[in-house]
Every structure is written in structure tokens, then in C-alpha cells.
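First comes the structure, then the notes that go with it.
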Amino acid sequence: MTFDPQVEQEAAAILARYPEKRSALLPFLHLVQREQGYLSPATMEEVARRLHLHPVEVLEVATFYSWFNLKPVGKHRLQVCQNLSCTLRGAERIIGTLKEELRIGEGETSPDGLFTLQRVECLASCGSAPVMQVNDEYHENLSPESVRALLTRWRAAAR
Amino acid sequence: MPTHEKILLKNMERPGYGGTLPEYLAVGGYEAVRNVLGKVPPAEVIERVKRSGLRGRGGAGFPTGLKWGFVPKDSGLPRYLLCNADESEPGTFKDRQLIERDPHQLLEGIILAAYAIGCHRSYVYIRGELVYGASVLTRALHEAATQGFLGQSVLGSGYDLTITLHRGAGAYICGEETALIESLEGKKGMPRIRPPFPAVRGLYQSPTVVNNVETLCNLPHILTRGPEWYAAIGTEKSKGTRIFSVSGHVSRPGNYELPLSVTLRELLLEHAGGVSDGRALKAVIPGGASSPVLTPQHLDVGMDFESLAAAGSMGGSGGVIVMAEGTCMVQVGEVVARFFHHESCGQCTQCREGTAWLHKVLARIERGGGRREDLDLLLDVCDNMTGKTICVLSDAAALPIASYLRYFRDEFEAHVRERRCPLAA
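Going down the list, the protein sequences come from chains A and B.
Here the first sequence stands for residues 1 to 159, where the numbers follow the numbering used here.
Here the second sequence stands for residues 160 to 584, where the numbers follow the numbering used here.
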């Protein structure tokens with residue numbers, strides 16, 4: 001398997017940063033997930049080959065960390081914090097609003113492929129609760145209204 | 160409201176301050192690096208940090224200079240300094256602000272700490288979710304390297320240092336220093352049995368120091384203004400200021416940097432504006448979700464490490480979560496237990512099984528299926544989880560749950576008796 005030249009270049013730069021090859025595993029997985037949206041079995045095997053690891057060693061790392069997707073996700077991965085400060089500030093209402101608007105359950109992707117809804121533990125943004133992370137971006141001080149407005153914006157942008 | 164000089168948040172609160180290298184230099188940034196590298200012997204830097212009384216801000220509160228002093232000088236192995244930026248303790252959000260708003264303050268702290276322990280290769284382990292923070296740090300690292308603050312012979316001092324940013328991937332346990340090391344080595348973040356301690360055998364089996372972001376940010380100020388200046392702030396054993404992250408049912412949530420001599424009452428009422436919507440205070444978690452809960456009777460407790468321990472809780476990470484009257488403490492327990500269950504690495508039976516039991520039983524009580532014997536069962540499970548595992552995640556789960564039962568047992572009993580949550584809307 002080959003990655004596109006830009007990714008290959010980044011992969012080489014990652015490997016050069018560590019005295020021991022295996023340390024490049026998390027950065028490598030970040031890189032391929034950024035490019036492909038999730039970690040497929042074939043991708044993980046390729047990463048294993050390059051780092052001289054057994055594929056199961058890559059799988060056990062990929063499943064240990066919550067950031068990695070082991071199956072395809074929607075264009076917008078909605079990760080709503082369900083920890084204490086967010087719960088005290090109405091996280092369940094945010095999750096309820098999203099379920100109602102998207103007509104999907106937790107862990108599911110909307111039929112149009114735009115949204116995947118997930119619950120996550122503390123996002124280290126408790127002072128601006130309730131919070132959700134959408135791909136790389138934080139959205140803070142959420143209300144059901146602001147969540148609906150975000151969905152409208154993303155849906156319009158996808159048209 | 161009493162005013163206090165801010166140290167770590169001072170720059171970022173200047174109007175228009177964006178945290179770039181020119182802006183940091185304009186407020187005296189990197190002065191400590193200029194004055195220390197190649198001019199003050201590393202052993203003297205360690206002495207000064209010991210004299211300042213600085214204690215780690217990541218959770219344990221261990222004296223920083225003492226930790227550095229454990230690194231052997233003659234192992235013949237490379238030494239590593241790891242910056243722990245894996246901020247994940249519920250209630251805590253200070254490191255994120257320090258990274259995003261004043262990244263060079265952190266880099267200067269890392270350079271000083273690395274110089275003190277004789278490290279030439281340092282890693283910042285940043286939480287994977289903090290994508291923006293990682294981009295800010297990447298830019299700052301580039302700026303610092305371009306201007307000679309990193310790389311070969313920093314500022315012509317003859318001292319070489321490389322700092323590499325390493326993103327974690329969403330696992331709370333990686334904030335534990337030996338789990339962080341395992342993760343940085345490309346493995347599952349499972350804590351190691353100690354001894355050997357990381358200072359002797361850490362990353363790649365080499366001497367390693369792991370310091371929290373806030374701890375490191377204090378160093379430029381201590382080394383520029385002197386350990387005596389720093390030691391004069393705070394209390395006899397808890398020196399300096401601390402950033403308290405205040406959240407939950409509070410009028411003005413946010414990060415407050417205050418001397419460690421501040422009381423919970425001052426922090427909550429004078430600085431954070433008291434409980435939101437004029438409600439009465441029910442409970443406060445003073446040091447992140449791992450810390451046992453306090454009640455209004457504890458409002459005059461000092462927020463220093465010793466006073467909080469004497470009150471039956473702990474300073475922990477400085478994350479203060481406020482709960483107003485009307486909050487269901489069984490639900491709080493369920494949320495906290497769910498978190499630790501989710502984040503247990505699964506290595507130790509007491510933690511893996513104990514956190515699962517706590518969550519399962521608390522969820523059952525909250526949903527009206529609780530049994531009378533459940534309350535003693537919870538305490539029994541907590542008792543079997545403390546002091547029996549490789550790391551303290553198990554204790555971190557058990558101690559707060561036991562504290563909720565201690566102070567709010569009648570509420571748990573009401574759930575069982577009425578077979579529902581009496582506080583549910």
C-alpha cells in the first residue's frame with residue numbers, strides 16, 4: 001500500500017523524530033486517520049509493516065485510545081462531552097436535541113453521511129460547558145438552539 | 160475583592176496579547192533562558208527550584224526540585240524531560256489555556272527544566288483532542304527554533320535541546336506519568352509498576368522527568384525573580400499561586416490564578432461570583448473528579464494541599480466543580496463512576512472490576528432499581544479498590560464515591576426507598 005506523496009513525506013518526518021521506531025505509532029495513526037477518516041484493517045497492517053510491529057500490536061493500540069475510528073464516520077463527527085460539568089450544565093439536553101434533529105442514536109451515522117453522534121468523556125473545557133468537539137474544533141457554551149443553528153449551517157454547506 | 164498579582168496568566172490578560180514570540184519577548188520573555196543557560200550550573204538551578212518550594216501542579220503536588228534531584232548524573236544514558244499536557248481530569252482546563260494563549264511561557268519552562276536535568280531531547284505529550292493547542296505549540300516551536308532558543312547551542316550557550324510535540328489520542332490514564340511513557344513508546348497507556356521510578360528508568364529505560372504544563376510555566380518566573388520571591392507567596396508548605404479551574408453551577412466559570420493561601424469561600428464567592436442563579440451551595444469538588452467532595456461546612460478551608468487533605472479531600476489538579484441545591488448526588492456518582500470505568504486501563508482487577516461495579520450499582524440506584532444492601536456494597540467495593548493497584552486511578556474512582564455516600568447517604572437511601580430519583584424533573 002502506498003500513501004500519496006505528501007503523506008509519505010510526513011510519515012518520513014514522523015519517523016525521524018524518535019530514537020525508537022515504535023514511538024511513531026500514535027503520530028502515524030493520527031496521520032492516516034486524518035487522510036482516510038478512519039483506520040481500516042488494511043491501513044493498520046500497512047502501519048504495522050512500516051514500524052516492524054505485528055498487526056495485532058497496532059490494533060490493540062488503536063482500540064485503546066478513543067480518538068481513533070475503526071469504522072467510517074460522517075463528515076462531521078459530533079463528540080458531545082458527557083462528563084460532570086457538562087452534565088450539570090445540560091449535556092443531556094444537547095445529546096437529546098442532536099438525536100431528535102438527526103434521528104439517529106449514539107454511535108450512529110446519519111443516512112446522508114453527514115453526521116456521526118458520539119458521547120465522550122471530559123474534553124477539558126469544563127468552564128464553557130456544555131461542549132462538543134466536531135472533528136478538530138471545539139464548540140462551547142452550547143444550547144439546543146445553538147446546536148440546531150450549527151446543524152443548519154453544516155447542512156447548507158453540504159448542499 | 161482582594162487583588163493579587165497574577166504570574167502565569169499575566170501576559171495573556173494584557174490587551175491584544177496573542178502569545179507570539181515577538182509579543183513574548185516584549186514582555187521580558189526568555190530572560191530566564193538568557194540568564195541561566197551556560198551561566199548558572201544545572202545543580203544550582205535545581206537548588207533554586209527546591210528553595211522556591213514549587214510543587215507539581217498535575218495532581219500529586221510532589222516537590223519539583225526534589226523530583227529533578229532524583230535523576231542520576233552518571234547513568235551514561237540520555238535523559239528525557241516530558242511535558243505532561245494530557246489534561247483530562249474532569250473539572251480541569253488550565254493547561255489548555257496556558258498552551259493556547261502563552262505557548263512560549265511553557266517552552267521557556269521546558270528549556271529551563273531540561274537544562275537543569277541535563278536533557279537534550281524533550282517531548283511535549285499533548286492530549287490528542289487539543290488539535291488547536293497542538294497547532295499553536297507547533298508554531299511556537301518553529302518560532303523558538305528559528306530564533307535560536309532551541310536546537311544546537313541554544314543562544315550560543317553550548318547547550319543543545321530539541322523539543323518534539325507528540326499527540327496522545329484520548330486516554331485519561333496517559334496523564335499518569337508511567338502510562339504517559341508507555342504511550343510515548345507507542346504502546347497502550349498502561350501504568351508501570353514502581354520502582355524503578357521514571358527518574359531512574361523511564362522513557363526508553365532512561366532517566367526521565369515528567370512535569371505538568373502549569374508546573375513548567377512557573378519556572379521562568381522563579382528563575383528571573385528568585386526563589387525567595389516565589390516562596391513568599393502562598394502558605395508555609397504550599398508555595399506560589401495556583402490556577403483553579405472553576406466550573407459547574409457557578410456564576411463566573413473560568414480559570415482563576417490565586418495564591419495557595421486562598422480559601423474556598425474567597426475563590427467561589429469573591430472571584431467566581433458564587434453559585435449561579437442565586438441558588439444555595441450543595442457540594443464542591445475541590446481538585447478534579449478524583450477528589451472527595453466538600454460541603455458548605457468546608458467553605459473556609461484553605462485551597463492549599465495540606466488544608467484540603469486535612470478536610471478529607473485533596474488539591475489534586477485544581478479543578479473546582481460547584482454543585483447547587485437540587486443536584487442529585489447519586490447522578491453525580493454515576494457520572495464520575497462511568498468516567499473512571501471508561502478510563503480504567505484494565506490492567507489491575509480491583510480497578511477494572513471495581514469501577515464497573517461502582518458504575519453499574521450507581522446507575523441502578525439512580526434509575527430506581529436500588530436495593531437496601533447496595534449502599535454497603537458500594538462502600539465495600541470502594542474499600543477493595545483503594546491502595547491495591549499499580550496506579551492511583553482505582554483510588555481516584557473509589558474515594559470520591561465513598562465521600563458522596565458519607566455526606567449524602569440520606570439521598571441514596573431516598574432513591575432506594577422511593578424507587579426513583581426524588582430530584583428528577
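Think of the CB as a built atom: it goes at the ideal place given N, C-alpha and C, for glycine as much as any other residue.
- For Pro451(B) and Glu532(B), the gap between their C-alpha atoms comes out near 23 Å.
- Shown here for Ser466(B): same chain residues with a beta carbon closer than 7 Å to its own, the five before and five after excluded, namely Val460 in chain order.
- At a C-beta separation below 9 Å, Ala24(A) has these neighbours in chain B: Gly345.
- DSSP places Pro366(B) in the coil class of the three-state scheme, outside both helix and strand.
- When the five nearest sequence neighbours on each side are left out, the beta carbons in the same chain lying within less than 7 Å of the beta carbon of Arg93(A) are those of Pro144, in order along the chain.
- For Asn194(B), the enclosing alpha helix (DSSP H) starts and ends at 190 to 195.
- Shortest Cα-Cα distance from Leu521(B) to any of Leu537(B), Glu512(B), Gln506(B) involves Leu537(B).
- Beta-bridge annotation (DSSP): Cys242(B) is paired with Val283(B), Asn370(B).
- Between Val47(A) and Leu427(B), the alpha-carbon positions lie close to 50 Å from each other.
- Listed in chain order, the positions of the segment 357 to 384 of chain B with a beta carbon within less than 8 Å of a beta carbon of chain A are Tyr363.
- Within 9 Å of the CB of Asn414(B), the CB atoms of chain A belong to Gly127, in sequence order along the chain.
- When the five nearest sequence neighbours on each side are left out, the beta carbons in the same chain lying within less than 7 Å of the beta carbon of Leu458(B) are those of Leu423, Arg424, in order along the chain.
- Identification of chain B residues near His30(A) by a Cβ-Cβ cut-off of 9 Å yields Gly287, Arg326, Ala328, ordered along the chain.
- Shortest Cα-Cα distance from Thr321(B) to any of Ala330(B), Gly492(B), Leu271(B), Trp516(B) involves Leu271(B).
- Looking at the DSSP output, Arg214(B) shares a beta bridge with Pro222(B).
- Under the Cβ distance rule, Ser234(B) does not count among the residues neighbouring chain A, no pair being separated by less than 8 Å.
- Annotation: the continuous beta strand (DSSP E) that includes Thr321(B) extends over 321 to 326.
- Closest in alpha carbon position to Pro418(B), among Cys504(B), Ile392(B), Glu373(B), Cys580(B), is Ile392(B).
- Per DSSP, reduced to three states, the secondary structure at Asn414(B) is strand.
- Secondary structure of Phe403(B) (DSSP, three-state): strand.
- Neighbours of Ile480(B) in chain A, taken as residues at a C-beta separation under 9 Å, are given in chain order as Leu84, Ser85, Leu88, Cys126.
- Rounded to the nearest angstrom, the gap between the Cα atoms of Phe571(B) and Gly492(B) is 10 Å.
- The continuous beta strand (DSSP E) containing Arg77(A) extends over residues 76 to 81.
- For Val443(B), the CB contacts under 6 Å within the same chain, skipping 5 residues up- and downstream, are Leu453, Val481 in chain order.
- Around Val489(B), no beta-carbon contact reaches into chain A at under 9 Å, the shortest distance being about 13 Å.
- For Lys71(A), the number of other beta carbons within 10 angstroms of its own is below 16, and it is reported as exposed.
- In the three-state reduction of the DSSP assignment, Gln118(A) falls in the strand class.
- For the segment 496 to 530 of chain B, residues whose beta-carbon sits nearer than 7 Å to a beta-carbon of chain A comprise Phe498, His501, Glu502.
- Within the same chain, and ignoring the five residues on either side of Gln490(B) in sequence, the residues whose Cβ sits closer than 6 Å to its Cβ are Glu525.
- With contacts defined as CB atoms closer than 8 Å, Ser85(A) and Gly447(B) fail to qualify as a contacting pair.
- When the beta-carbon positions are compared, Pro445(B) and Val479(B) come within less than 8 Å of each other.
- At least 8 Å separates the beta-carbon of Glu335(B) from that of Arg286(B).
- Between Gly292(B) and Gly197(B), the gap from beta carbon to beta carbon reaches 8 Å or more.
- Residues of chain B with a Cβ closer than 7 Å to the Cβ of Arg17(A) are, in chain order, Thr323.
- Counting only residues of its own chain and dropping the five nearest sequence neighbours on each side, Gln79(A) has a CB closer than 7 Å to the CB of Gln118, Val120, Met132, Gln133.
- Out of His430(B), Ser410(B), Ser404(B), Thr400(B), the CA that lies nearest to the CA of Ser420(B) is found in Thr400(B).
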